[in-house]
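Participant: Position one of the sequence shown corresponds to residue 14 (this note's numbering), numbered consecutively onward.
No residue lacks a Cβ here, since even glycine has one placed at the ideal position from N, Cα and C.
This one's a predicted model, so the numbers in the text were calculated from it and none came from an experiment.
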Amino acid sequence: MSTRPRRILAGFDGHRIEISVSGSPLESRLEASCAHLLAIQHDSLPTVLRVTIEDHGSYVALRDSTSRSVSGSDGYVLHALRSWMIDAWAAARPHLLWLHASAVACGNGAIVVAGPSGAGKSTLATDLIARGWAFLCDDAAPIEVERGLVLPLPFAPERRSCAAPHAVDALDFDEWPKATVDVPARQVARKPAALRAIVLPEYDARLDRPPTLRALTALSAAHTLLTRGARGEAGASRATRIFQLVRRARCYQLVYGPETPAAVTLLDDELSDPDSAVRRAQQQVEAAGSGFAGRSQDVARTEP
């Protein structure tokens with residue numbers, strides 16, 4: 014007997030996505046991934062994406078109303094679906110700057126950990142959450158540059174793991190398996206947070222010294238974000254927003270290795286206190302001869 018499809022409604026900033034899934038092992042993983050996303054209750058609100066997931070036994074197929082489709086393993090399809098969802102919301106909210114980043118908040122301020130795949134963004138963010146920080150975003154961070162706000166887009170974070178990180182070459186880091194991290198609802202941010210700092214991590218599996226956190230000039234930070242941290246198509250508008258962003262936020266480069274807890278401790282100690290972070294950033298940049306130019310959510314709703 015066929016299983017009646019289940020409809021999962023997830024939303025962001027007044028725009029919802031409908032996902033129809035039936036009889037697939039991916040269903041529980043999908044619900045876990047979307048558990049903290051806003052459920053749009055009003056049918057009058059716009060739907061920016063409708064997708065269907067079908068289980069064909071040896072593979073899973075994902076398609077949308079435009080006949081776009083992908084197929085493969087559960088993990089591959091879930092990754093493609095998340096990308097489609099982020100792209101749909103980004104298209105619906107083009108005034109926002111979308112970064113390839115994770116974001117967490119402490120007090121009234123947020124830090125955005127931005128960079129390419131394999132930099133350890135989710136690992137750093139989830140370890141900070143374990144220290145009491147609130148969860149804002151994973152994989153994509155939408156930022157309202159004009160007001161300096163990071164909007165919550167809380168897909169469940171996925172972090173990489175490896176039994177023997179010292180033995181793994183840095184080039185293989187992107188191939189480490191991922192596991193979904195269960196973030197308690199009480200630690201999921203329910204409203205935008207003011208941007209306090211941007212951290213650009215660099216992971217080196219062979220690093221044999223303590224991690225370092227170095228303040229960056231606005232120009233250096235903007236170049237890194239433009240080339241390695243921005244989502245979407247390149248253009249003058251995106252570049253302008255990035256330059257505006259780095260002029261109002263403190264930017265740091267974090268270089269760390271397999272001793273990730275030491276890097277997390279460094280971030281927690283230096284950035285949980287905004288006053289000390291500001292002073293340290295200003296001192297380091299001035300020493301280098303440069304200066305800085307300076308809605309409520311519920312769990313995702315499912316329907317039979």
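Nearest-angstrom Cα distance between ILE156 and ALA243?
Facilitator: 11 Å
Participant: Specify, as a first and last residue, the run of the beta strand (DSSP E) that LEU22 falls within.
Facilitator: Here the beta strand (DSSP E) through LEU22 covers 19 to 25.
Participant: Would you report the Cα separation of GLU44 and ILE32, rounded to the nearest angstrom?
Facilitator: 10 Å
Participant: Considering just the uninterrupted stretch of the alpha helix (DSSP H) at THR273, what are its terminal residues?
Facilitator: 273 to 284 is the span of the alpha helix (DSSP H), which, as asked, contains THR273.
Participant: Have a look at LEU50, ARG261, GLY27 and flag the residue whose alpha-carbon is nearest the alpha-carbon of GLY161.
Facilitator: Measuring from the Cα of GLY161, the nearest candidate turns out to be ARG261.
Participant: Since THR136 is in the alpha helix (DSSP H), which residue starts that stretch and which ends it?
Facilitator: 134 to 143
Participant: So does the stretch 240 to 258 actually touch the stretch 123 to 136, counting three or more Cβ pairs closer than 8 Å?
Facilitator: yes
Participant: Helix, strand or coil for GLU67 per DSSP?
Facilitator: strand
Participant: CB-CB under 6 Å to ALA176, same chain, minus the five flanking residues each way: which ones, in chain order?
Facilitator: Its pLDDT being 41, under 50, ALA176 is placed unreliably by the model, and the measurement read from it follows with that caveat. Excluding positions up to five away in sequence, the list is empty.
Participant: On a CA-only basis, which of LEU238, SER82, HIS236, ALA198 is nearest TRP146? Give me that one, please.
Facilitator: ALA198
Participant: Out of ALA192, ALA202, TYR265, ARG203, point me to the one whose CA is closest to THR230's CA.
Facilitator: TYR265
Participant: For ILE255, which option in GLY270, ALA275, LEU232 has the closest C-alpha, if you only look at C-alpha atoms?
Facilitator: LEU232
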